[in-house]
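In UniProt numbering, the protein residues as written are 1 to 536. Positions of the beta carbon are idealized from the N, C-alpha and C atoms, including for glycine. As the structure is a prediction and not an experimental result, all values here were calculated from the model. A short worksheet on the structure shown next.
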């Protein structure tokens, strides 16, 4: 009992001393202990440093945007008339990329195991074609494509099961010894960087429109990875975070895989005290044209970010957190008051110079928006479901809400298209997961541009391939042939004609495919050559 009482008195004395220390630190000017809680570390979000947007005054006045006319790029859609699905995909995945994979895979396999992989460009094309086809016709396990009951000839005729898995295991896009150590330290994804750069080159070649959206994308992966993230609100909560810039049509223009705020600081010219969201906006806006309108969600939107991008002639619109514009929120009606008014009520405040506005709109719950180009006016109406009345009702809608809803969904659209036929296949290697993901991204981007082009050409919707058909067409092109001129027929001088190798044909011919090395009929009434090279 005496020992317990002694310990209690010691703890109480230390607690009282600690309380006095806190009070002294809080009241003593220049005390480092008391002010350490308010200091902000480099790279932290600017919202930590100025949550309430101190120094910015708000008033109820109209927005006067300072935006010049946007100059559109010259339309090149006519250059793509008559393009095949392969032509669209080769903007991202071409022969040079496949050749690089072949060289690196062969070199690494021989150096590590002493057993030569001996793969070729055609075989790597076959591998990617088979992987794409597997995503279109999924089985529970990859091995089942070679099973007797569920055998898939389009895949199994190209390579055996063990050969497929060896290729899958040995895929490399860089020779490790050729990468400097300092680059390995600053770039966590150096293992796949050449592949990413080629896909990124294709994205950056797309036309830059007036309106784009920036959002997060998750690369699903639950294994070990240097920058794996957990976002519980995402459909795929565990994986690698990728920041994406896309058009309203879903075409990806630029992307940057998250490696920490320090990596973004190195890519931005004047990072200053910008937070992570603003750094991402700055990085992904580097390839945009002047006077572009960017739409983003509340993770990216802040007063400092909007002002910073206005200096670069990029104008932001997005939802915003209340604590980032606390001074503006105080000038707006409260949630309780707006709820008491009719549904669709809105209010607006702007900065003293009239260049930035904050709009609050009450639908089912309050929505807070910030913009440097859109305001509350002109309002229109929209249909919303009323739970009490059990019917749709017409309510007022601010202009900023309408513009945001129509321009913001680009990243979600391409993400949804990729999720329909994702190249899965369980793997512990994050490098393989990245290769598969960005191949899916290239296919989705290609199809979205293909669909957009055919819409411009006035093609009937029934003649436009759906995404599944488009992927299967690309897969079969990779599996059967890479280019038409690689499978030219040649007449061989034979004493006796050879048996046609096409299934179901018993004819004889002297025509041979120079690539496949098989004899096929090529006659006016029997074209086995075409049938053989276009079969599934």
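{"Check": "Assuming residue 215 contacts residue 412 (C-beta within less than 8 angstroms), just tell me the rounded distance between them.", "Outcome": "7 angstroms"}
{"Check": "What are the residues that DSSP puts in a beta bridge with residue 240?", "Outcome": "219, 228"}
{"Check": "Which complete alpha helix (DSSP H) runs does the region 372-454 hold, if anything under 4 residues is left out?", "Outcome": "399-407, 410-420"}
{"Check": "By Cβ distance below 6 angstroms, which residues in the same chain neighbour residue 198 in space, the five residues on each side in sequence not counted?", "Outcome": "97"}
{"Check": "If I'm right that residue 418 touches residue 131 with Cβ under 8 angstroms, what's the distance once you round it to whole angstroms?", "Outcome": "Contact flag wrong, Cβ pair sits at about 14 angstroms."}
{"Check": "What first and last residue would you give for the beta strand (DSSP E) that runs through residue 256?", "Outcome": "252-257"}
{"Check": "Does the distance from the C-beta atom of residue 346 to that of residue 384 stay below 8 angstroms?", "Outcome": "no"}
{"Check": "Sort 516, 233, 157, 447 by Cα distance to residue 472 and report the nearest one.", "Outcome": "447"}
{"Check": "Going by alpha carbons, who is nearest to residue 213 out of 295, 277, 190?", "Outcome": "295"}
{"Check": "Among 291, 394, 312, 459, which has the Cα closest to the Cα of residue 270?", "Outcome": "312"}
{"Check": "Cβ of residue 510 versus every heavy atom of the ligand FAD: is any distance shorter than 7 angstroms?", "Outcome": "No copy of the ligand FAD occurs in the structure displayed, which carries no ligand at all."}
{"Check": "With 16 other CB atoms within 10 Å as the buried threshold, where does residue 539 fall?", "Outcome": "Since the first and last residues shown for the chain are 1 and 536, residue 539 lies out of range."}
{"Check": "I need the DSSP call for residue 466, collapsed to helix, strand or coil.", "Outcome": "coil"}
{"Check": "Three or more C-beta pairs under 8 angstroms: does that hold for the region 454-470 against the region 112-123?", "Outcome": "no"}
{"Check": "How many Å lie between residue 343 and residue 382 at the Cα?", "Outcome": "11 angstroms"}
{"Check": "In this structure, does DSSP put residue 519 in helix, strand or coil?", "Outcome": "strand"}
{"Check": "Would you mind sorting residue 233 into buried or exposed? The rule is 16 or more other CB atoms within 10 Å of its CB.", "Outcome": "exposed"}
{"Check": "Identify the residues that DSSP records as bridge partners of residue 318: which are they?", "Outcome": "296, 370"}
{"Check": "So, is residue 55 buried or exposed, given that buried needs 16 or more other C-beta atoms within 10 angstroms?", "Outcome": "exposed"}
{"Check": "Going by other Cβ atoms of all chains shown within 10 Å of its Cβ, with 16 needed for buried, is residue 90 buried or exposed?", "Outcome": "buried"}
{"Check": "Taking 8 angstroms as the threshold, find out whether the region 386-398 comes into contact with the region 217-236 through three or more Cβ pairs.", "Outcome": "no"}
{"Check": "At what residues does the alpha helix (DSSP H) containing residue 531 begin and finish?", "Outcome": "528-534"}
{"Check": "If you follow the beta strand (DSSP E) that residue 145 is part of, which residue opens it and which one closes it?", "Outcome": "Neither: residue 145 is in no beta strand (DSSP E) and is coded neither H nor E."}
{"Check": "Quick one: give me the first and last residue of the beta strand (DSSP E) that residue 360 is part of.", "Outcome": "357-362"}
{"Check": "Note down the Cα distance separating residue 260 from residue 226, rounded to an integer number of angstroms.", "Outcome": "11 angstroms"}
{"Check": "Whole angstroms is fine: what's the gap from residue 272's alpha carbon to residue 370's?", "Outcome": "22 angstroms"}
{"Check": "At which residues does the alpha helix (DSSP H) containing residue 192 begin and terminate?", "Outcome": "Residue 192 -> no alpha helix (DSSP H), and no H or E assigned at all."}
{"Check": "If you run the structure through DSSP and keep just helix, strand and coil, what is residue 153?", "Outcome": "helix"}
{"Check": "Give me, in chain order, the residues of the same chain whose beta-carbon lies closer than 7 angstroms to that of residue 580; leave out the 5 immediate sequence neighbours on both sides.", "Outcome": "Given a span of 1 to 536 for the chain in the structure shown, any question on residue 580 remains unanswerable."}
{"Check": "With three or more C-beta pairs closer than 8 angstroms as the rule, is the region 280-296 touching the region 310-330?", "Outcome": "yes"}
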